[in-house]
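In what follows, a structure is listed as structure tokens, so that the remarks can point back to it.
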Amino acid sequence: MNSRIIIVNVIRWFLLLFVQIFLLKNMGFYDLSTPFIYVLFLLLLPFGIPNILLYGLAFATGLTLDAFYDTMGVHATACVVLAFVRISFISISLNRDAIDDPEPSLSYMGFQWFSLYAFLCVITHHLVLFFLETFRLTEIGYTLMRCGLSCIFTLLIILLVEFIFYRRTPR
Amino acid sequence: MRNLWIFISRYNAFFLFIIFFTIGIYLTVKNNAYQRSVTLNSSNEVVGTAYERLNVFKRYLNLGMVNDSLAAENAKLKTRLLGLTTVDSAKDVKVIDTVTNQQYSYLAAKVVKNSITLRNNVMTINKGTVDGIKSGMAVIAPQKGVVGFIRDVSAHLATIQSLLHKDTRISVVLKKNNALGSLVWGDGNFDIKKALIKGVPNHIKMQVGDTVVTSGFASFPAGILVGRITKPNVATNDNFLSGELNLFTDFSTLQYVYVVKDKLADEQKALESLAKPNE
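This is how it looks when you write it as structure tokens:
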């Protein structure tokens, strides 16, 4: 069971980063909307993961992305923020003792919870990402527009992926 | 200490977040040329702005000193200018140095006490015998206009009998035709902006807007602007005309004045005293 989770996550990591770097990196609508699907990996890490490991993984994933995007530290920071939001949201919305689902995916948690969870994580990630990339407040309107449009794009793809790999499980 | 550990481990998510976030920001700023330049520039900007503010205050504190030096320099330049314009080249002497040949030189002085509300107004300046000031020297205003005469002198200060005084009379002419008159103040009108030109011969027709300048017959150099006629040809009961004029000098805001040193004053006085009173 445990090793299966690890293998699944490793495969997911490689797959998502592969898609992100070799496919989605070249996509974008007028430089306004760029999807960052790799955050799905961080969203789908199992509930029982220790905080430090989560942060470490988030940071490492971000750094890997940075290496390919030539933006040292930007994605890493955004991923760390995402990890923080994930931990906070889970601890607020779910009773820690009552969690018996392995991971916070659409199949286990239902559409409503998952979409809110994904939305909050993705929007904070994108906000940090774009503001670190712009690094000034003078173009705030443009930055916010890029952030919002990219967020919509990313969420669409995340939900799409989740629905494609939807496993009907007894709840 | 134990409580601290409990506290930290309970909120480990937050503390870990702080640590990783700091590392991320550090990496971002350190490794990206653009972000680094923005950070450096904005911090430089903050420092620069702070220094600029400080400089503004410093400049304000130094304003007095700067003003003094500017006035002194102005006086020096005006003196040189006079040297260029008032040299008497028709003299039958060998001219060695044209600068030393000039008759007048200006000395800047700061007004330390001013009065404009009395019938007879006297002001005080911060230059005295040490600076070569003598009683009777003419005093003019920085831009244009006359101020008065030096009255009493101490070592470092001097008083000016201003134009706003019943005993002050300044020899003036109408610029357009050199008609001689005498400038007085306070003859029935105590407006500090107005003065009277008296003793203009009857056949001279003054007009509104005529410029009045000093004659150069007394201690004032010739051609110092005094004012502009506003009410011409006021008939008096003697054989002369009077006129009211607007003074160029604003006595209420006077801060600096120029004392006019006349090199030939003593000589002129000595020479003129040879004439017998009832000749």
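Chains as they are written, first to last, in our numbering: chain X, 11 to 181; chain Z, 11 to 289.
The C-beta atom is built at its ideal place from N, Cα and C for all residues, glycine as well.
is_contact[residue i, chain Z] using C-beta, thresh 8 Å
i: X:F124; result: no
i: X:V49; result: no
i: X:G158; result: no
i: X:L130; result: no
i: X:I109; result: no
i: X:V18; result: no
i: X:V91; result: yes
i: X:L26; result: no
i: X:F175; result: no
i: X:I97; result: yes
i: X:F69; result: yes
Under 9 Å by beta carbon: chain Z residues contacting residue i
i: X:Y65; result: A23, L26, F27, I29 and F30
i: X:A86; result: F30, I33, G34, L37 and T38
Residues that residue i contacts on chain X, provided the C-beta gap is smaller than 9 Å
i: Z:N65; result: The contacting residues do not exist; Z:N65 stays about 26 Å from chain X at best.
Run of the beta strand (DSSP E) containing residue i, from where it starts to where it stops
i: X:M82; result: Segment: none, X:M82 is in no beta strand (DSSP E) and carries neither H nor E.
i: Z:L206; result: K204 to P211
i: Z:R161; result: V156 to V163
i: Z:K271; result: Y266 to D272
i: X:S43; result: Run containing X:S43: none; DSSP gives neither H nor E here.
i: X:M119; result: Taken as a continuous stretch (DSSP letters only), X:M119 belongs to no beta strand (DSSP E), being part of the alpha helix (DSSP H) at L116 to M119.
i: X:S13; result: First-last for X:S13: N12 to F32, but that is the alpha helix (DSSP H), not the beta strand (DSSP E).
i: Z:T139; result: Per DSSP, Z:T139 belongs to no beta strand (DSSP E) and is neither H nor E.
i: Z:A118; result: Y114 to K123
i: Z:T150; result: According to the sequence provided, residue 150 of chain Z is Ile. The question's Thr does not apply to it. Counting along the chain, the beta strand (DSSP E) containing Z:I150 begins and ends at A148 to I150.
i: Z:S145; result: Here Z:S145 belongs to no beta strand (DSSP E), and DSSP marks it neither H nor E.
i: Z:I170; result: A168 to S172
i: Z:L128; result: No beta strand (DSSP E) contains Z:L128, which DSSP labels as neither H nor E.
i: Z:S192; result: L190 to V194
Boundaries of the alpha helix (DSSP H) in which residue i is found, first to last residue
i: Z:S47; result: A43 to L71
i: X:M155; result: I150 to I174
i: Z:D248; result: Neither: Z:D248 is in no alpha helix (DSSP H) and is coded neither H nor E.
i: Z:K279; result: A275 to E282
i: X:V49; result: V49 to L53
i: Z:L14; result: R12 to R20
Residue i: contacting residues in chain X (beta-carbon distance under 7 Å)
i: Z:N41; result: M82 and G83
8 Å Cβ cutoff, residue i in contact with chain X
i: Z:Q153; result: no
i: Z:Q265; result: no
i: Z:Y70; result: no
i: Z:Y44; result: yes
Chain X contact residues for residue i, given Cβ-Cβ distances below 8 Å
i: Z:V48; result: F145 and R146
Close Cβ partners of residue i (< 6 Å) along its chain, the five nearest in sequence each way excluded
i: Z:Q45; result: T38 and V39
i: Z:V103; result: Here the model assigns Z:V103 a pLDDT of 48, short of 50, so the residue's position is not dependable, and the following value carries that caveat. Excluding sequence neighbours, Z:V103 sits near nothing in its chain.
i: X:P112; result: P56
i: Z:L235; result: K154, V223 and F258
i: X:L27; result: Y48
i: Z:V105; result: Low confidence applies to Z:V105: its pLDDT is 49, below 50, so where it sits in the model is not reliable, and the reading given next is rough at best. Contacts found: none.
i: Z:D197; result: L206
Within chain Z, partners of residue i - CB distance below 7 Å
i: X:N61; result: N22, A23 and L26
i: X:F94; result: A23 and F27
i: X:I150; result: Simply none; closest approach about 14 Å.
i: X:L142; result: T38
Close-in-space but distant-in-sequence residues of the same chain around residue i (CB under 7 Å, 5 per side omitted)
i: X:T144; result: T153
i: Z:I202; result: I126, L174, F261 and S262
i: Z:K101; result: At Z:K101, the pLDDT of 49 sits below 50, so the modelled position is not reliable and the matter cannot be decided from this model.
i: Z:N131; result: S125, S172, L174 and H175
i: Z:A165; result: G138, T139 and V140
Same chain, Cβ closer than 8 Å to residue i, five either side skipped, listed in chain order
i: Z:F230; result: A148, I150, V156, I180, S181, T224 and V270
i: X:T164; result: P45, F46, I47, V49, V132 and H136
i: X:L54; result: N19, R22, E113, P114 and S115
i: Z:A82; result: A118
i: Z:S2; result: There is no way to answer for residue 2 of chain Z, as the model of chain Z reaches only from 11 to 289.
Across the segment 174 to 185 of chain Z and the segment 216 to 226 of chain Z, are there enough close Cβ pairs to call them in contact, namely three or more that are closer than 8 Å? yes
Under 8 Å, with one C-beta from each stretch per pair, do the segment 146 to 154 of chain X and the segment 116 to 135 of chain X reach the 3-pair mark? no
With contact counted as at least three CB pairs below 8 Å, one residue from each stretch, are the segment 205 to 223 of chain Z and the segment 245 to 258 of chain Z in contact? yes
Taking 8 Å as the threshold, find out whether the segment 87 to 94 of chain X comes into contact with the segment 130 to 138 of chain X through three or more Cβ pairs. yes
Measuring CB atoms only, is the segment 24 to 34 of chain Z touching the segment 53 to 72 of chain X, in the sense that at least three cross pairs come out at less than 8 Å? yes
At a cut of 8 Å, does the segment 162 to 170 of chain X reach the segment 96 to 114 of chain X through at least three beta carbon pairs? no
Inter-stretch contact (C-beta, 8 Å, three-pair minimum) for the segment 70 to 84 of chain X and the segment 15 to 22 of chain Z: no
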